[in-house]
Amino acid sequence: MSKSGNLIVRLEQPPVPAERTRVVDYKIKRIGTVNNILGPVKSPYVSVKPEVAGEGFAGRVLYLLEDN
């Protein structure tokens with residue numbers, strides 16, 4: 000978690016998401032939205048602005064939910 004309260008998430012698979020892409024957990028419960036892309040191109044991180052309390056997300060797998 001960043002000082003500004005955003006979650007910092009490491010991407011494990013390409014492609015890099017667009018800003019404002021929704022982030023969900025395994026139950027498709029909305030966690031937040033992609034706020035910023037960080038780090039090197041080969042191993043990027045994303046900053047996620049949470050919509051729920053940010054505690055307890057360390058080590059959990061989160062997913063990107065793209066609009067169709």
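The sequence shown begins at 0 in numbering that gives the first Met the number 0 and counts up one residue at a time. From the three backbone atoms N, C-alpha and C, an ideal C-beta is built for every residue, glycine too. Predicted model, so just to flag it, every value in this text is computed and none were measured.
Residue range 6–9 is occupied by the beta strand (DSSP E) that includes ARG9.
Nearest neighbour of LEU6 by Cα position, chosen from PRO43, GLY31, ALA17, turns out to be GLY31. Cβ contact annotation for GLY38 (same chain, cutoff 8 angstroms, sequence separation greater than five): TYR44, in chain order. In the three-state DSSP reduction, ILE36 falls in the strand class (E or B).
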